[in-house]
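Protein chains in written order, with the working numbering: chain P, 1 to 282; chain H, 1001 to 1110.
C-beta: ideal position from N, C-alpha, C; glycine also.
Bear in mind the structure is a predicted one, so any value in this text is a computation, not a measurement.
Here's the structure we're looking at; comments come further down.
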Amino acid sequence: MSRDTALVSADWAEKNLETPGIVFVEVDEDTTAYDGGHIPGAVKIDWKKDLQDPVRRDFVNQEQFSALLSERGIANNDVVVLYGGNNNWFAAYAYWYFKLYGHDQVKLLDGGRKKWELDARPYSKDVPARAKTSYQAKAPDLTIRAFRDEVVQAIGVKNLVDVRSPDEFAGRLLAPAHLPQEQSQRAGHIPTAINVPWSKAANEDGTFRSDDELSKIYGEAGLDGSKDTIAYCRIGERSSHTWFVLKELLGQQNVKNYDGSWTEYGSLIAVPIALGDEPGKA
Amino acid sequence: MTSPSNVAAGCAAPDQSAPLPASVDLEKETVITGIVSTAEGEAVGGAYVRLLDSSGEFTAEVVTSPEGVFRFFAAPGSWTLRALSRSGNGELAVDATRGVNEVALSVAAA
């Protein structure tokens, strides 16, 4: 994977809005943005309603994912271009998810909704009518998904990258600053994790920084290229953004996203937690 | 609302023009809120407002409501607000204290 295959520019997107076989998909947690205007021809996926299991605390399984894409009119051989708000957090999460279920031809729109808006590109309120398909998701590729036991085992062994803000990492805030702070879990971070906020990887307009800049940022932060890596945040979507950078843009092997992230880890009984700005000891 | 409540609340920004939820305790929370407007005083909806900490590090970002309203839940201390929009960009330093801190953020084409 590389920038050329994983990422498309807003210019490219605008030229390919009507190209057969390319499907634009807006992914957000709050889909009122889509309803108020979206990239012409794009279908929507609701991060919570469509991608999370309604009962269990997990995301949808292979059959549910197949049913979702069939219903949205997406075929196995379509090129799927994902974009969204929040600097593409939820679109990056969906990208990880499409990869997990074996969809090869998936790309992220560089800059997402923000770049589209700041460039004053066109929106549409029309919801496209796409014929149903018979999408077949593959078995989940668990080489890119980390679970809690593996994360605890990784302390002091693998690269752990905490991509939350410095205040969340240190335990001074429990959630991003646009959300209320009351939470049940403990504050802090997984011992030995380095803190590279997801935002370091993005320019102000939401596009990704250059490969050289990205390599430098993670190198200087202490990411060891010879080790496997697990990225986490609070609920797994900001860390999908960093997973995308490390795996898809920089081409690192063995990078996993821990989607349980701090909402799970910070609620576990008896696991170690580090406070403050330093990674802490294993 | 029928959305499942067992899912951890996501990280997307809530509706920026909605009243503060009753569960928000203003004895504990530090709310930074305001309106993005142009030099002519027109509210700018759809602007991207980011909250930077005292070292200039990104902390959070929201999109303003059609009325130009934004809101952050921060902590007491020094912050910088930065807005990007089709109408231009703007920046403002804020010394926040516990409770509601109201500010006005204006943008202008560079």
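- Annotation: residue 246 (chain P) has no Cβ neighbours in chain H at a cutoff of 7 Å; minimum Cβ distance is about 19 Å.
- For residue 1064 (chain H), same chain residues with a beta-carbon under 7 Å away, outside a window of 5 residues either side, are 1016, 1036, 1044, 1045, 1046, 1047, 1049, 1070 in chain order.
- As computed with DSSP, residue 91 (chain P) is found in no beta bridge at all.
- For the segment 165-181 of chain P, the beta-carbon criterion of a distance under 8 Å to any beta-carbon of chain H is satisfied by 165, 166, 167, 172, 173, 175, 176, 177, 178, 179, 180, 181.
- Assignment of beta-bridge partners to residue 44 (chain P) by DSSP yields P:26.
- The Cβ-Cβ distance between residue 1059 (chain H) and residue 261 (chain P) does not fall below 7 Å.
- Across the structure, residue 1098 (chain H) and residue 21 (chain P) are spaced so that their CA atoms are roughly 53 Å apart.
- Closest in C-alpha terms to residue 241 (chain P), from the list P:163, P:123, P:53, comes P:163.
- Residues of the segment 116-131 of chain P whose Cβ lies closer than 7 Å to any Cβ of chain H, in chain order: 117, 118, 120.
- The beta carbon of residue 185 (chain P) sits closer than 6 Å to the beta carbons of 266, 267 from its chain, once the five residues preceding and following it are set aside; these are given in chain order.
- Pairing residue 53 (chain P) with residue 60 (chain P), the inter-Cα distance amounts to about 5 Å.
- In this chain, the beta strand (DSSP E) harbouring residue 1104 (chain H) covers 1099-1107.
- The alpha-carbon separation between residue 195 (chain P) and residue 136 (chain P) amounts to approximately 38 Å.
- Taking the beta carbon of residue 87 (chain P) as reference, the chain H residues within 8 Å of it are 1061, listed in sequence order.
- Taken in chain order, the members of the segment 1073-1087 of chain H whose beta-carbon sits within less than 7 Å of a beta-carbon on chain P are 1073, 1074, 1075, 1084, 1086.
- Residue pairing of residue 256 (chain P) in beta bridges, as defined by DSSP: P:230.
- In the three-state DSSP reduction, residue 238 (chain P) falls in the helix class (H, G or I).
- With a threshold of 16 other beta carbon atoms within 10 Å, residue 1019 (chain H) falls short and is exposed.
- Going by C-alpha positions, residue 1087 (chain H) is about 9 Å away from residue 118 (chain P).
- Within chain P, the residues placing a beta-carbon under 8 Å from that of residue 1021 (chain H) are 180, ordered along the chain.
- Taking a Cβ-Cβ cut-off of 9 Å, residue 1034 (chain H) has no neighbours in chain P, whose nearest Cβ is about 13 Å from it.
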